Amino acid sequence: MRQQYFLVPTMRDVPADADVASHQLMLRAGMIRQVAAGVYTYLPLAKRVLHKVETIVREEMDRTGAQELTMPTLHPAELWQETGRWDVMGGELIRLTDRHNRHFALGPTHEEVITSLLRDSINSYKKLPLNLYQIQTKFRDERRPRFGLLRGREFIMKDAYSFHATQESLDEEYQTMYKAYSNVFARVGLTFRPVIADSGAIGGKDTHEFMALAEVGEDTIAYSDSSDYAANIEMAAVKVNYVKSDEAPLTLQKVDTGEAKTIEEVASKLNVTADKIIKSLLVQVDNEWVLVLLRGDHELNDIKLKHELNASSIRFATADEVEQVLGATIGNIGPIGVKDVKIVADHAVEVIVNGICGANATNSHFIGVNVGRDFDVEQYLDLRFIQEGDPSPDGNGTIRFAQGIEVGQVFKLGTVYSEKMGATFLDENGKSQPMIMGCYGIGVSRTVAAVIEQHHDEDGIQWPPSVAPFHIHLLALNMKNEEQVSLSESLYEQLQKAGLEVLYDDRPERAGVKFKDADLIGLPIRVAVGKKANEGIVEMKIRKTGEMIEVHVDELLQTLTEQLERLSQ
Ligand code: ATP
Ligand code: MG
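Residue numbers (our numbering): 19 to 587.
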């Protein structure tokens with residue numbers, strides 16, 4: 019490709035609203051332009067990268083026997099009403115109305131559409147299993163679209179759905195997809211980790227997220243420093259054998275704590291450490307009030323609470339509701355004397371001796387609090403976020419944290435959708451059964467941004483060869499010098515004939531501008547044709563390492579092939 023006529027509007031300055039590297043670099047390298055918040059045009063350079071990622075995804079999916087199809091973006095409301103997600107999805111679902119006043123949504127995911135397809139086209143176990151996928155634009159009206167392609171409102175996803183007659187068949191496909199995803203992310207050059215995850219609004223049970231490790235990642239991964247264990251912090255189980263101290267129980271006493279409300283304030287007022295305090299939170303679980311107790315230095319994991327109580331929705335009480343139910347302000351509530359409100363506690367609370375908790379009265383707390391004597395707990399559960407330094411739940415090693423970008427997720431959906439939508443088949447005995455489903459997503463556009471997060475320096479991107487928009491950036495340093503131009507032209511021909519993808523900077527720009535843009539765009543190898551053109555010598559620069567190598571044109575092709583191979587390892 020000749021750069022003179024190629025649309026790569028590079029920019030020198032970092033746009034003010036772009037605060038992560040991939041977003042800044044994609045704007046600066048002329049890859050994307052924002053059209054609306056979370057909505058982008060992919061310029062030709064980005065399109066080439068997307069195409070490569072999509073090709074890798076297709077190859078790995080096709081290899082497993084999955085079949086590609088395309089479903090519509092426009093979904094009739096009726097389909098989403100069948101599963102109840104027309105309501106559940108709330109503001110995230112982009113809705114519109116046609117000229118006949120019929121309601122539609124722009125597809126954020128395709129369980130409803132695919133399940134309706136399968137219920138109409140498959141009726142026997144003999145036609146199962148099946149795995150169908152598409153690569154397509156998705157729409158989600160994210161509350162906070164940000165970080166460029168990392169969280170868009172319109173983005174590209176590969177989504178796949180599998181249908182099975184037996185659980186074993188689903189389990190097998192899940193493993194196959196897990197492997198295929200690992201292949202995809204390795205091939206695009208990501209350092210990643212599959213982690214145990216929460217199934218969220220989609221439903222179902224077993225699920226893993228594929229996390230690209232990156233500082234800017236919005237997810238926290240809790241992993242063991244000495245085993246394979248890794249989970250999204252939302253899901254990491256806490257396995258601590260808390261030991262009760264043999265301290266003698268003191269008498270319960272109400273003390274004035276004045277304006278002290280937060281754990282820190284109360285701890286400092288009473289001169290104790292936070293682990294002595296029982297933190298009380300009033301939560302509405304479905305339609306019931308529940309008082310949740312945690313140790314002062316622990317944080318409530320609301321996803322665990324929801325799972326443990328089998329709830330479909332939970333929310334914190336407002337200040338007014340706390341007043342109404344417990345007769346005190348948020349910073350002064352506690353479990354002692356509470357009636358008609360269920361009390362649950364994290365395991366750590368069970369061993370607190372002579373603790374401190376709110377007294378359900380203005381400006382006061384109890385000290386010398388002992389569980390079992392002063393109040394009862396209905397259930398002890400695992401309710402807190404795991405912390406760095408906790409033992410790994412698998413019994414091996416200690417928990418450490420890392421940040422990750424979720425680039426993919428695999429789910430065992432089970433029969434949630436097939437039951438709601440009546441997608442059944444006749445089994446071997448002629449009995450009607452709901453199809454057992456799995457679903458599998460890859461954020462294709464997010465993956466491109468994740469690759470940049472992992473492969474860049476302050477000057478620009480450092481593409482891994484597998485997804486680089488071109489392999490070689492050929493620079494003619496002085497377009498006024500005939501020797502340089504003619505050598506550049508002939509190399510451009512020769513390298514392309516050999517099957518290399520070449521971006522040829524034939525612009526009438528200064529060498530300095532060309533070097534800067536080449537670093538910014540970040541193709542794996544730069545070949546500069548300059549002053550030594552008359553000797554047949556060009557200068558090669560490996561973008562990732564900064565190595566500079568002078569090469570004679572006779573050896574150029576061979577050297578480039580070797581270097582690209584080396585960079586692909
Ligand atoms: P997140 O938790 O980041 O919002 P999700 O779990 O809701 O993502 P899924 O429903 O699992 O997303 O979608 C499959 C994949 O699509 C995700 O793993 C992610 O890579 C990608 N994806 C989801 N939302 C976005 C978005 N707003 N912008 C870009 N990619 C996205
Ligand atoms: Mg997900």
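Cβ atoms here follow ideal geometry from the backbone N, Cα and C, with glycine treated the same way.
Quantities reported herein were computed from a predicted structural model and do not represent experimental measurements.
Pull up the distance between the alpha-carbon of residue i and that of residue j, whole angstroms please.
{"i": "Asp31", "j": "Arg46", "result": "7 Å"}
{"i": "Glu565", "j": "Ser504", "result": "26 Å"}
{"i": "Ala175", "j": "Asn119", "result": "The sequence as given places Met at residue 175; Ala does not occur at that position. Those two C-alpha atoms are separated by around 29 Å."}
{"i": "Lys559", "j": "Gly48", "result": "22 Å"}
{"i": "Leu344", "j": "Leu327", "result": "21 Å"}
{"i": "Asp116", "j": "Thr127", "result": "21 Å"}
{"i": "Val301", "j": "Phe334", "result": "4 Å"}
{"i": "Ala36", "j": "Pro482", "result": "23 Å"}
{"i": "Ile214", "j": "His491", "result": "41 Å"}
{"i": "Ile220", "j": "Leu431", "result": "The pLDDT assigned to Ile220 is 49, lower than 50, so where the model puts this residue is not dependable; a value taken from the coordinates is nonetheless given after this. Computed Cα separation, rounded: 8 Å."}
{"i": "Thr28", "j": "Leu538", "result": "8 Å"}
{"i": "Ile5", "j": "Gly314", "result": "Outside the modelled stretch of the chain, which goes from 19 to 587, sits residue 5, for which no answer is possible."}
{"i": "Trp98", "j": "Gly108", "result": "12 Å"}
{"i": "Thr133", "j": "Met19", "result": "44 Å"}
{"i": "Asp224", "j": "Phe429", "result": "6 Å"}
{"i": "Glu341", "j": "Ile348", "result": "8 Å"}
{"i": "Asp535", "j": "His473", "result": "16 Å"}
{"i": "Ala84", "j": "Glu72", "result": "15 Å"}
{"i": "Val38", "j": "Phe384", "result": "47 Å"}
{"i": "Thr77", "j": "Lys197", "result": "The amino acid occupying residue 77 in the given sequence is Glu; Thr does not appear at that position. Roughly 13 Å separates the two Cα atoms."}
{"i": "Ile460", "j": "Ala546", "result": "37 Å"}
{"i": "Leu311", "j": "Val362", "result": "6 Å"}
{"i": "Gln514", "j": "Thr209", "result": "31 Å"}
Using the three-state DSSP reduction, which class does residue i fall into: helix, strand or coil?
{"i": "Asn319", "result": "coil"}
{"i": "Thr225", "result": "strand"}
{"i": "Val523", "result": "Correcting the residue type first, residue 523 is Asp in the shown sequence and not Val. Asp523: strand per DSSP, three-state reduction."}
{"i": "Ile374", "result": "strand"}
{"i": "Gln591", "result": "One cannot answer for residue 591 here, as it falls past the ends of the chain, which runs 19 to 587."}
{"i": "Pro353", "result": "coil"}
{"i": "Val340", "result": "helix"}
{"i": "Asn250", "result": "strand"}
{"i": "Asp358", "result": "coil"}
{"i": "Glu424", "result": "strand"}
{"i": "Ser40", "result": "helix"}
{"i": "Leu17", "result": "Outside the modelled stretch of the chain, which goes from 19 to 587, sits residue 17, for which no answer is possible."}
{"i": "Lys297", "result": "strand"}
{"i": "Ile404", "result": "coil"}
{"i": "Gln271", "result": "strand"}
{"i": "Ile220", "result": "Legend: pLDDT at Ile220 = 49, less than 50; position of this residue unreliable, no value from coordinates given."}
{"i": "Gln397", "result": "strand"}
{"i": "Ile74", "result": "helix"}
{"i": "Trp481", "result": "coil"}
{"i": "Lys279", "result": "coil"}
I'd like to confirm something about residue i: is its beta-carbon nearer than 7 Å to some heavy atom of the ligand MG, or not?
{"i": "Glu424", "result": "yes"}
{"i": "Gln576", "result": "no"}
{"i": "Gln587", "result": "no"}
{"i": "Glu252", "result": "no"}
{"i": "Gln7", "result": "There is no way to answer for residue 7, as the model of the chain reaches only from 19 to 587."}
{"i": "Glu573", "result": "no"}
{"i": "Gln480", "result": "no"}
{"i": "Glu368", "result": "no"}
{"i": "Glu227", "result": "yes"}
Looking at the ligand ATP, does it come within less than 7 Å of residue i, judged from the CB to the closest heavy atom?
{"i": "Phe173", "result": "yes"}
{"i": "Arg158", "result": "yes"}
{"i": "Ser330", "result": "no"}
{"i": "Arg169", "result": "yes"}
{"i": "Gly456", "result": "no"}
{"i": "Gln152", "result": "no"}
{"i": "Ile460", "result": "yes"}
{"i": "Ser595", "result": "Outside the shown range of the chain (19 to 587) lies residue 595, about which nothing can therefore be said."}
{"i": "Arg464", "result": "yes"}
{"i": "Gln581", "result": "no"}
{"i": "Gln427", "result": "yes"}
{"i": "Thr127", "result": "yes"}
Three or more C-beta pairs below 8 Å linking the stretch 86-99 and the stretch 147-159: yes
Meets three-Cβ-pair contact criterion under 8 Å: the stretch 399-418 and the stretch 93-109: At 8 Å Cβ cutoff, the stretches do not touch.
At least three beta-carbon pairs within less than 8 Å, the stretch 133-142 to the stretch 437-455: yes
Segment contact, 8 Å Cβ cut-off, at least three pairs: the stretch 267-277 with the stretch 373-381: Per the Cβ contact rule, the stretch 267-277 is in contact with the stretch 373-381 (3 or more Cβ pairs under 8 Å).
Cβ pair count under 8 Å reaching 3, the stretch 158-171 against the stretch 187-204: In the pairwise beta carbon analysis, the stretch 158-171 is classified as not touching the stretch 187-204: fewer than three pairs are separated by under 8 Å.
Touch test, the stretch 171-185 against the stretch 453-468, Cβ-Cβ under 8 Å, three pairs minimum: yes
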